[in-house]
Amino acid sequence: MIIVMGAGASKQQIENVIEKVHSFGLRTHPIYGVQKTVIGIVGDDKTRVVEKMQGMPGVEDIIPILQPYKFAGREAHPENTVLEVGGARIGGDAVVVIAGPCAVESESQLLETARSVKKAGADILRGGAFKPRTSPYSFQGLGEEGLKYLAEARDETGLPIITEVTDPRNVELVSRYADILQVGARNMQNFALLTEVGMSGHPVMLKRGLSSTIKDLLLAAEYVIIEGNRDIVLCERGITTFETYTRNTLDLSAVAVIKQLSHLPVIADPAHATGRNNLVEPMALAAIAAGADGVMVEVHNDPDSALCDGPQSLTLAQFDSLMDKVRAIAGVVGRKMEP
Ligand code: PEP
Ligand code: MN
């Protein structure tokens with residue numbers, strides 16, 4: 000259920016309405032828009048009691064929300080959400096490019112890659128310090144040491160940083176360094192982690208699970224939002240299908256579908272979707288053409304010696320050339336890019 004406050008509703012009237020809803024034992028999620036304030040109400044069937052509030056001063060309308068993802072959906076929030084993170088704007092007119100190594104391996108590897116992607120025009124630097132690996136024997140990441148190198152790379156290049164948090168107990172630690180917390184595909188339905196990143200109030204990028212539907216993804220976002228954190232970016236990173244040629248199958252239609260269903264920005268990750276370096280560029284360009292708000296790609300200063308995901312990582316030169324094409328496609332579909 001949402002209560003739409005009239006354009007002229009006063010602060011006091013909004014507060015009175017919120018107080019009244021709380022008196023029914025329900026939680027509120029106000030969205031303060033430029034024109035109007037919308038108060039979202041969560042609960043179960045009990046939310047119908049708020050229908051009685053139709054006559055309260057300042058209330059314009061009371062509308063049931065039919066979409067199951069109450070706050071991630073466009074019903075409650077028709078305008079696109081735009082996140083401002085360390086100088087980058089995600090979900091606005093410009094296409095955003097997130098680039099960097101799969102894993103932070105050393106100070107020199109990260110800094111060399113960071114300088115190069117910055118020079119080529121990347122907006123955000125990525126790098127995993129806590130790596131969720133299929134095998135427990137694979138490189139697991141440098142942990143806090145890796146976070147320190149990321150912070151150093153941000154200081155030097157000015158690029159905001161995104162890195163994955165895999166454990167609710169590390170959310171506070173990772174939040175001390177990262178500008179955006181990444182929740183990986185394998186953790187998309189780790190509800191304890193979603194609640195914790197929600198409570199952190201830090202911007203979050205939520206990656207679609209390998210076998211998750213679009214609805215599952217939007218409901219996972221809902222777990223973050225109901226903790227009061229609306230700074231969420233969704234990421235299509237490929238799903239499991241019967242196809243074996245590529246690592247996963249990039250579900251490009253999901254990009255267009257999510258843009259229709261939700262106000263949250265959508266990023267595509269063609270690296271994890273395809274697992275192949277020579278497919279990253281065509282799928283990145285296709286994702287932007289399909290309406291993605293940006294792409295995330297893996298870039299390494301020496302992919303052949305990468306400790307993680309070398310086969311899907313772009314060389315520094317390949318990334319440079321990708322950027323030129325991303326700019327061209329962005330222009331064709333009416334998106335500009337930050338200079
Ligand atoms: C990553 O982006 O580093 C990653 C591990 O991706 P995913 O969770 O999509 O597999
Ligand atoms: Mn990777």
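Counting along the sequence shown from 1, when you hit position 316 you're at 315 in numbering that gives the first Met the number 0, and nothing is skipped either side.
All C-beta atoms, glycine included, are put in the ideal place defined by N, C-alpha and C.
It should be emphasised that the depicted structure is a prediction, and the values quoted were computed from it without experimental measurement.
Enclosing alpha helix (DSSP H) for residue i [first to last residue]
| i | result |
| --- | --- |
| VAL116 | 106-119 |
| TYR222 | 213-224 |
| GLN12 | 10-22 |
| LEU193 | 190-199 |
| LEU249 | Segment: none, LEU249 is in no alpha helix (DSSP H) and carries neither H nor E. |
As assigned by DSSP and simplified to three states, the class of residue i
| i | result |
| --- | --- |
| VAL265 | strand |
| ILE287 | helix |
| ALA71 | coil |
| ASP60 | strand |
| ARG229 | coil |
| ARG88 | strand |
| VAL332 | coil |
| MET55 | coil |
| GLY142 | coil |
| LEU306 | coil |
| ALA134 | Note on residue identity: the sequence assigns Ser, not Ala, to residue 134. Coil. |
| ARG185 | helix |
| ALA255 | helix |
| LEU278 | helix |
| HIS271 | helix |
| LEU65 | coil |
| ALA128 | coil |
| GLU50 | helix |
| TYR244 | coil |
| LEU321 | helix |
| LEU260 | helix |
Cross-strand partners of residue i (DSSP beta bridge)
| i | result |
| --- | --- |
| CYS101 | BP columns for CYS101 are empty, so no partner. |
| LYS206 | CYS234 |
| LYS45 | According to DSSP, LYS45 bridges with nothing at all. |
| ALA93 | LYS335 |
| VAL37 | VAL3, ILE30 |
| GLU83 | ARG88 |
| LEU313 | VAL298 |
| MET293 | Going by the sequence as given, residue 293 is Gly instead of Met. According to DSSP, which records beta bridges pairwise, GLY293 is partnered with VAL95, ILE266. |
Bounding residues of the beta strand (DSSP E) (the contiguous stretch that carries residue i)
| i | result |
| --- | --- |
| ARG125 | 123-125 |
| GLN181 | 179-182 |
Rounded Cβ spacing between residue i and residue j (contact assumed at less than 8 Å)
| i | j | result |
| --- | --- | --- |
| VAL296 | ALA270 | 5 Å |
| VAL203 | GLU235 | 16 Å between Cβ atoms; not a contact. |
| VAL342 | ILE97 | Outside the shown range of the chain, which is 0 to 338, sits residue 342, and nothing can be said about it. |
| ILE38 | MET4 | 7 Å |
| ASP122 | ALA150 | Contact flag wrong, Cβ pair sits at about 18 Å. |
| SER261 | LEU217 | 6 Å |
| VAL182 | LYS206 | 6 Å |
| GLU143 | LEU172 | 7 Å |
| THR162 | GLY197 | Wrong, their Cβ atoms sit about 18 Å apart, outside the cutoff. |
| ALA255 | GLY290 | 5 Å |
| ILE224 | VAL84 | That pair is no contact at about 17 Å. |
| ILE61 | MET52 | 7 Å |
| ASP319 | ALA119 | 4 Å |
| LYS214 | PRO310 | So it is not a contact: roughly 32 Å between Cβ atoms. |
| ALA253 | ILE287 | The Cβ separation is near 15 Å, so there is no contact. |
Residue i: CB within 6 Å of a non-hydrogen atom of the ligand FMN
| i | result |
| --- | --- |
| ASP308 | The ligand FMN is not among the ligands present in this structure, which contains only the ligand PEP and the ligand MN. |
Beta strand (DSSP E) runs contained entirely in the region 150-178, provided each spans 3 or more residues: 160-163
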